[in-house]
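So the structure is just underneath, and the comments pick up after that.
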Amino acid sequence: MPRSDAATAKQSRFEPLVYSPAARAFHWSIAALVLITIPIGFIMTDRGERNIWDATTNNLYSAHKLIGLVILTLMIGRWIYRLSHGAPASAPTLLSWQKGLSHAVHWSLYLLLILVPVGGYLGISYYPALDIFGVKLPGIVTPNEDTAKLIFKLHAAGATVVAGLIGLHLAGVVFHSFIQKDAILARMWPGAGR
Ligand code: HEM
Ligand code: HEM
């Protein structure tokens with residue numbers, strides 16, 4: 013193998029430019045679930061505020077809690093994977109402010125996607141509203157409705173920040189794909205290399 017090919021092979025082995033299949037599986041499954049559960053959260057609370065307590069509202073609450081707990085489980089796995097395997101080095105086309113901003117958005121999402129669902133579970137424990145499609149979950153605190161209300165306010169605020177960060181994240185993807193025209197999206201695209 014010519015020297016330059018050997019160097020490239022070595023570099024691509026140790027500094028992959030695309031996210032690994034496992035990192036992409038975590039990214040896309042969590043992205044899809046978060047994009048489903050945020051609108052469900054807003055729709056169900058809106059129905060609750062309008063006093064529509066029918067089977068649909070109850071099913072929306074159950075679905076929201078269930079999806080939220082699946083997100084929490086996947087996020088714990090994702091944290092462990094991210095800390096043990098790292099991520100590909102930033103794309104070489106990124107300016108330093110773009111690197112800083114994207115890392116801030118990514119790590120804020122990592123943090124909030126743990127805090128928001130943990131808050132949800134704490135909220136339903138304090139309320140208490142622990143059933144999901146008729147199955148009762150264990151409570152983790154002594155019930156207190158006032159504390160539950162405060163926690164749900166923080167839960168809603170955290171979820172709104174998550175929605176804003178996703179908007180910023182998607183704006184970044186659009187900017188890189190259509191204005192800067194670099195290959196950022198390919199780094200995370202399902203089925204990308206390796
Ligand atoms: C990443 C995961 C989650 C996201 C993004 C999320 C997002 C939301 C959103 C947007 C709302 C509506 C807020 C409002 O308009 O007041 C909401 C409400 C709610 N969420 Fe979550 N949630 C998540 C996880 C969970 C989990 C794991 C649970 C419980 C197991 C949960 C339980 C609730 C409950 C009970 C409400 C209604 C609160 C109220 O009536 O004020 N959520 N969530
Ligand atoms: C649906 C459209 C989405 C697209 C097209 C997209 C695209 C991407 C791309 C291209 C990257 C790699 C950036 C880089 O080169 O470093 C990335 C990373 C990331 N995305 Fe998304 N994303 C989407 C949705 C989401 C959502 C909904 C979330 C959060 C719930 C999210 C959270 C993240 C995080 C945390 C990273 C950093 C991964 C790491 O470094 O470990 N993305 N995304």
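Numbers given in this note's numbering equal positions in the sequence shown, counted from 1, plus 12. Glycine residues also receive a C-beta, built at the ideal position from the N, C-alpha and C atoms.
Around the Cβ of residue i, are there at least 16 other Cβ atoms within 10 angstroms (buried) or fewer (exposed)?
| i | result |
| --- | --- |
| VAL128 | buried |
| GLY132 | buried |
| PHE145 | exposed |
| THR68 | exposed |
| ILE92 | exposed |
| ALA7 | Residue coverage of the chain in this structure runs from 13 to 206, which leaves residue 7 outside it and unanswerable. |
| THR49 | buried |
| ALA160 | buried |
| GLN23 | Reliability of the predicted coordinates at GLN23 is poor, the pLDDT of 44 falling under 50, and no value is obtained from them. |
| ILE247 | Residue 247 lies beyond the stretch modelled for the chain, which goes from 13 to 206, so this question has no answer here. |
| ALA18 | Note that ALA18 scores a pLDDT of 42, beneath 50, so its modelled location is shaky and nothing firm can be said. |
| GLY176 | exposed |
| ILE64 | exposed |
| GLY80 | buried |
| ARG90 | buried |
| ILE196 | buried |
| ARG62 | exposed |
| LYS111 | exposed |
| LYS77 | buried |
Just checking my contact of residue i with residue j at CB under 8 Å: how many whole Å lie between their CB atoms?
| i | j | result |
| --- | --- | --- |
| ILE163 | TYR138 | 6 Å |
| TYR31 | ALA99 | 7 Å |
| GLY53 | ALA171 | 6 Å |
| ILE10 | VAL117 | The shown model of the chain, from 13 to 206, leaves out residue 10, and the question about it has no answer. |
| MET56 | LEU72 | 4 Å |
| ILE42 | LEU125 | 7 Å |
| THR105 | ASP194 | 4 Å |
| ARG36 | MET200 | 6 Å |
Looking only at DSSP bridge pairs, what is residue i linked to?
| i | result |
| --- | --- |
| ILE144 | VAL147 |
Q.
If we require 3 or more residues per run, which beta strand (DSSP E) segments fall completely within the stretch 151-181?
A. none
- prompt: At what residue ranges does the stretch 29-72 contain a whole run of the alpha helix (DSSP H), taking only runs of 4 or more?
  reply: Counting only runs of 4 or more residues that sit fully inside the stretch 29-72, the alpha helix (DSSP H) segments are 33-61, in chain order.
Please go through the stretch 73-149 and give each complete beta strand (DSSP E) segment of 3 or more residues, from N-terminal end onward.
Counting only unbroken stretches of 3 or more residues, no beta strand (DSSP E) element lies wholly within the stretch 73-149.
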